[in-house]
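In order, the protein sequences belong to chains A and B. Letter 49 of the first sequence, counting from 1, is numbered 49 in our numbering, and no numbers are missing. In our numbering, each residue's number is its place in the second sequence (first place is 1) plus 329.
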Amino acid sequence: MDFSLTDDQELLRDTARNILARECPASLVRAHIDDPTVAEPLWSRLREYCGLGSGPAVDLCLFVEATGYVAAPGPFFATVALFAPILEAAESDLLEKVLAGEVSGTVAMAGLDGLWAANREPRKTFVPEADRVDRVVVVNSGPTVTVAERLPARLVRTVDHSRRLFDVETAAAVADAQAIAPDALDRAVQRATIALSAELVGTCRRLFDMSLSYAKERVQFDRPIGSFQAIQHKLADMALDLERAWAAVYYAAMALDAGDDERARATHVAKATAGEAARRIGKDAAQIHGGIGYTWEHDLHLFLRRAFASEAWLGNTDWHHDRLADLIV
Amino acid sequence: MHLAWGPEEEAFRAELVAFIAEYAPPEALVQRDFAGMGEPGEGTEIVPEWARRWQAILFDHGWMIPAYPPELGGRNATPIQTLVFLEELASRGILRSLHFPGYAIVAPSLLEFGNEEQKKLAPAAIRGDTIWCIGMSEPNAGSDLAGLQTRADLRDDHFVVNGQKVWTSYATIAQKCFCYVRTDPDAPKHRGISVLLIDVDTPGIDVRPLRHINGMAGFAEVFFTDVVVPRENLVGALNDGWRITQGSLAHERGGLWVEGVARLEHGVEGLITLARHFGRDGDPVVRREIAQMYSRAASLRALGYKGFTSFAQGSSAPEHSYMKLATSETGKRLYELGMEMQGAYGPVVDDERGYEDGRWIRSFFTSFANTIAGGSSEIQRNIIAQRVLGLPRS
């Protein structure tokens with residue numbers, strides 16, 4: 001069990017951090033609330049990393065941890081973490097162009113219950129970025145997949161403006177349905193779930209870093225509030241939750257990459273642990289920031305919104321614990 | 330990043346497994362989902378004969394502290410091999426020894442800080458031939474250990490010791506005490522402490538047993554009244570004892586979490602068995618809570634490996650404090666859950682009417698020790714906040 005990164009992995013992680021720090025400041029996430037087109041230059045920059053849609057899940061996680069840290073908007077996550085793995089599972093010829101960054105895409109799978117399990121419902125929901133990708137892959141029970149160009153989509157408003165989710169009418173896209181191996185579909189959904197968990201850990205790290213800096217700077221009663229034990233113990237517990245979630249996510253990524261039997265359980269553990277971390281870190285980050293964190297002008301809410309929305313998406317903490325219980329109890 | 334160890338580690342594992350199969354006595358498989366530190370129940374010996382023999386066998390075959398050379402009960406194992414060793418023991422619930430102070434704290438401290446004569450005491454401490462206790466905590470020096478007040482006054486060639494130690498594990502059966510004493514009452518509190526090696530049968534020492542909250546025997550109070558200790562029993566320099574408190578099995582520091590995590594995993598298995606026994610395994614609340622405990626244990630195992638990776642690369646990772654805090658707190662919740670699941674039978678320890686001899690409530694009580702001993706959860710949070718996160722001292 002070796003958690004060390006190779007030189008290439010360290011380079012990938014550092015590159016991702018540098019690009020995203022430069023190309024995705026909080027001001028971009030804020031501007032994106034009213035005008036989603038402002039995320040287009042970022043997508044142009046991230047296209048060259050679409051190769052992460054295939055290959056080691058560990059590498060994908062290292063990259064999307066950095067997109068989560070900045071709450072990056074745009075079709076990158078949907079393309080590399082959802083669309084590409086489903087195409088790969090379906091052995092689609094389109095995959096090559098997606099990995100080359102030439103075609104963006106998303107996945108329409110969840111029915112109105114919001115769960116990512118193949119179903120027959122014509123209306124799918126929680127489909128990310130459906131109005132600005134080149135293709136939508138529709139997953140129906142069977143399971144089958146169909147790749148479509150544009151489908152009618154309606155924005156489902158959530159608190160998170162940085163990731164836009166849609167209802168998609170898929171009735172027009174059942175004609176050329178192609179069968180897909182259930183195991184392969186499971187693996188693709190596991191890969192997406194682990195990647196989202198990594199992204200969420202990145203968002204949690206941002207909330208944590210902001211809280212730690214604030215606790216060191218903010219002076220009350222003539223000293224930094226971070227010198228008070230009540231604040232110190234909150235930050236210690238947040239740090240523990242963050243580190244534990246990070247480890248659970250990369251353990252799951254390694255299990256998936258190794259094709260290990262434990263990968264289903266490890267995926268549930270990863271998303272649930274990241275989700276628990278998001279809830280605690282989100283609430284405590286707001287508490288440590290006090291009144292200023294409650295304002296619209298402060299950037300904290302941009303990341304709180306992303307964190308709580310990511311916790312709920314692709315199965316929330318309780319759902320993953322319940323599925324885990326089905327495997328172990 | 331990868332899941333599997335290499336062939337060398339697996340060969341090492343195979344040799345160890347064969348050794349365990351041949352030599353481990355059945356009693357060495359302690360009740361493994363107990364929260365306890367391996368103490369036996371009331372009325373039994375603290376360190377029974379089989380445990381003494383087992384520890385000696387481990388030493389003689391180089392399996393007591395694998396990272397040490399053969400003359401110290403080891404086989405010069407690498408850090409990863411040491412981790413494999415700890416994993417294999419923990420997964421079987423096997424303890425190397427039923428008295429940890431000698432091999433885990435006293436011997437490494439003597440080897441690092443002792444003079445040539447004192448170093449000669451290490452092999453017997455590791456083999457378990459000498460039983461040690463550690464005189465550390467006092468009525469007024471718990472978490473604030475440096476506030477200890479037991480006095481040792483230097484008079485020519487000897488010290489005269491007066492004072493009291495408390496929560497001293499194994500003092501009732503120990504031959505020797507590794508004792509922290511104040512040798513300069515006027516110096517700042519961290520700078521006036523020294524360590525003395527004291528024979529427990531020295532006149533003026535009075536050992537009184539203390540029973541644990543869970544009813545088991547274990548630690549003791551130790552009173553010192555004009556106890557004469559030869560000057561050559563001083564470890565390291567006079568008034569330089571504080572840094573010796575940092576001494577421990579450095580080679581195994583990266584794997585201290587293994588036993589705690591294995592205990593949580595065994596506890597989760599126990600919860601599942603318990604839920605079935607009481608017909609609660611279909612209850613969605615119970616199912617979710619069991620899964621939460623599984624998640625905690627699994628994520629902590631992953632964090633432990635992450636910390637070990639840094640340790641093996643030579644960096645002093647902060648994971649030790651995270652692991653100590655999280656395994657002890659999670660354990661407390663886990664045993665509480667087992668107790669809750671039994672409903673009205675939760676507190677029953679009756680042999681005939683209770684479930685498994687009341688092991689869940691007894692483990693719950695025992696688990697209180699784990700969030701206090703060895704640096705309480707609050708102290709761990711202070712350490713994380715100040716040393717890892719760089720927050721200012723309060």
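Cβ coordinates follow ideal geometry from the N, Cα and C atoms, glycine included. Since the model is a prediction, treat every value here as computed from it, not as a measurement.
> Comparing alpha-carbon positions, which option in A:Arg244, A:Ser141, A:Arg263 lies nearest Glu648 of chain B?
Replying inline: Closest option to Glu648 of chain B, Cα to Cα, is A:Arg244.
>> Measuring straight from C-alpha to C-alpha, what distance separates Met622 of chain B and Leu663 of chain B?
In response: For Met622 of chain B and Leu663 of chain B, the gap between their C-alpha atoms comes out near 7 angstroms.
> Is the CB-CB distance between Val587 of chain B and Leu629 of chain B below 8 angstroms?
Replying inline: The answer is no: Cβ separation not under 8 angstroms.
>> Would you say Gln232 of chain A lies against chain B (beta-carbon separation less than 8 angstroms)?
In response: It does; some Cβ of chain B falls within 8 angstroms.
>> Distance cutoff 8 angstroms, beta carbons only. Does Tyr49 of chain A sit that close to anything in chain B?
In response: Residue-level contact check: Tyr49 of chain A does not touch chain B, since none of the beta carbons of chain B fall below 8 angstroms from its beta carbon.
> Ala266 of chain A and Ala255 of chain A look like a contact to me (Cβ under 8 angstroms); what is the Cβ gap, rounded to whole Å?
Replying inline: Right, their Cβ atoms sit about 4 angstroms apart.
>> So for Val551 of chain B, helix, strand or coil by DSSP?
In response: Here Val551 of chain B sits in strand by DSSP.
> Nearest to Pro514 of chain B by CA position, among B:Gln493, B:Thr459, B:Val495, B:Gly476, is which residue?
Replying inline: Residue nearest to Pro514 of chain B within the set B:Gln493, B:Thr459, B:Val495, B:Gly476 is B:Gly476 (criterion: CA-CA distance).
> Helix, strand or coil: how does DSSP classify Trp334 of chain B here?
Replying inline: In the three-state scheme derived from DSSP, where H, G and I count as helix and E and B as strand, Trp334 of chain B is classed as coil.
> Over what stretch of residues does the alpha helix (DSSP H) that includes Tyr499 of chain B continue unbroken?
Replying inline: DSSP places Tyr499 of chain B outside any alpha helix (DSSP H), giving it a letter other than H or E.
> Within 8 angstroms (strictly less), CB to CB, does Pro85 of chain A reach chain B?
Replying inline: With 8 angstroms as the cut-off, Pro85 of chain A does not count as an interface residue toward chain B.
> What did DSSP end up calling Asp612 of chain B once you bin it into helix, strand or coil?
Replying inline: Secondary structure at Asp612 of chain B: coil, using DSSP grouped into helix, strand and coil.
> Is it buried or exposed for Ile33 of chain A, if we count other Cβ within 10 angstroms and need 16 for buried?
Replying inline: Taking all protein chains shown into account, Ile33 of chain A has fewer than 16 neighbouring C-beta atoms within 10 Å of its C-beta and is therefore exposed.
> Tell me the DSSP bridge mates of Ile463 of chain B?
Replying inline: Ile463 of chain B pairs with B:Phe507.
> Which residues mark the beginning and the end of the beta strand (DSSP E) in which Glu262 of chain A is found?
Replying inline: Glu262 of chain A -> no beta strand (DSSP E), and no H or E assigned at all.
> In chain order, what residues of the stretch 197-216 of chain A put their CB closer than 9 angstroms to some CB of chain B?
Replying inline: Correct list: Leu212, Ala215, Lys216.
> Say the cut is 7 angstroms; is the CB of Thr317 of chain A nearer than that to a heavy atom of the ligand ATP?
Replying inline: Ligands in the displayed structure: none, and consequently the ligand ATP is not present.
> Taking Cβ to Cβ, would you say His606 of chain B is nearer than 8 angstroms to Val558 of chain B?
Replying inline: Inclusion of His606 of chain B and Val558 of chain B in the CB contact set at 8 angstroms is not warranted, their separation being larger than that value.
> chain D partners of Gly226 of chain A, CB-CB under 7 angstroms?
Replying inline: Absence of chain D from the displayed structure is noted, the protein chains being A and B.
> So what does DSSP say about Asp167 of chain A, is it helix, strand or coil?
Replying inline: Here Asp167 of chain A sits in strand by DSSP.
>> Helix, strand or coil, according to DSSP, for Gln220 of chain A in the structure here?
In response: Residue state for Gln220 of chain A is assigned as strand, using DSSP reduced to three classes.
>> Less than 7 angstroms between C-beta atoms, sequence neighbours within five positions excluded: which residues of the same chain meet that for Lys635 of chain B?
In response: Counting only Cβ-Cβ distances below 7 angstroms, and skipping sequence neighbours, we find Glu648.
>> Suppose contacts are defined by Cβ-Cβ distances below 8 angstroms. Is Thr106 of chain A in contact with Val64 of chain A by that definition?
In response: With contacts defined by Cβ atoms closer than 8 angstroms, Thr106 of chain A and Val64 of chain A do not form a contacting pair.
>> Between Trp461 of chain B and Lys505 of chain B, how many whole angstroms is the CB-CB distance? I'm expecting something under 8 angstroms.
In response: Yes, Trp461 of chain B and Lys505 of chain B are in contact; Cβ-Cβ is about 5 angstroms, under 8 angstroms.
>> My output table needs one value for Thr125 of chain A: the three-state DSSP class, helix, strand or coil.
In response: Three-state DSSP puts Thr125 of chain A in a strand.
>> I'd like the list of long-range same chain contacts for Arg248 of chain A, defined as Cβ closer than 6 angstroms, with 5 residues on each side in sequence excluded.
In response: Reading the sequence as shown, one finds Ala at residue 248 of chain A and not Arg. Counting only Cβ-Cβ distances below 6 angstroms, and skipping sequence neighbours, we find Val269, Ala270, Thr273.
>> If we define contact as Cβ-Cβ less than 8 angstroms, is Lys635 of chain B a contact residue for chain A?
In response: True, the Cβ-Cβ gap to chain A drops below 8 angstroms.
>> One question on the structure: do Ile712 of chain B and Ser650 of chain B come within less than 8 angstroms of each other, judged by their Cβ atoms?
In response: Contact: yes.
> Rounded to a whole number of angstroms, what is the C-alpha to C-alpha distance between Glu96 of chain A and Gly55 of chain A?
Replying inline: Cα to Cα, the separation comes out at about 13 angstroms.
> Between which two residues does the alpha helix (DSSP H) carrying Pro408 of chain B extend?
Replying inline: Looking at the DSSP string, the run of the alpha helix (DSSP H) that includes Pro408 of chain B is 408-420.
> Along the chain, where does the alpha helix (DSSP H) that runs through Val29 of chain A open and close?
Replying inline: In the DSSP assignment, Val29 of chain A falls within the alpha helix (DSSP H) that extends over 26-34.
> In terms of residue numbering, what span does the alpha helix (DSSP H) encompassing Asp389 of chain B cover?
Replying inline: Unbroken alpha helix (DSSP H) run through Asp389 of chain B: 378-389.
> Secondary structure at Gln621 of chain B, three-state DSSP: helix, strand or coil?
Replying inline: Looking at Gln621 of chain B - three-state DSSP - the assignment turns out to be helix.
>> Under 8 angstroms, Cβ to Cβ, is there at least one residue of chain B near Gln287 of chain A?
In response: Closer than 8 angstroms: no.
> Which residues, in order along the stretch 238-252 of chain A, keep a beta-carbon less than 8 angstroms from a beta-carbon of chain B?
Replying inline: Within the stretch 238-252 of chain A, the qualifying residues are Ala239, Leu240, Glu243, Arg244, Ala245, Trp246, Ala247, Ala248, Tyr250, Tyr251.
>> Relative to the C-alpha of Ala325 of chain A, which candidate in B:Glu598, B:Leu415, B:Asp473, B:Trp571 has its C-alpha closest?
In response: Out of B:Glu598, B:Leu415, B:Asp473, B:Trp571, B:Glu598 has the C-alpha closest to the C-alpha of Ala325 of chain A.
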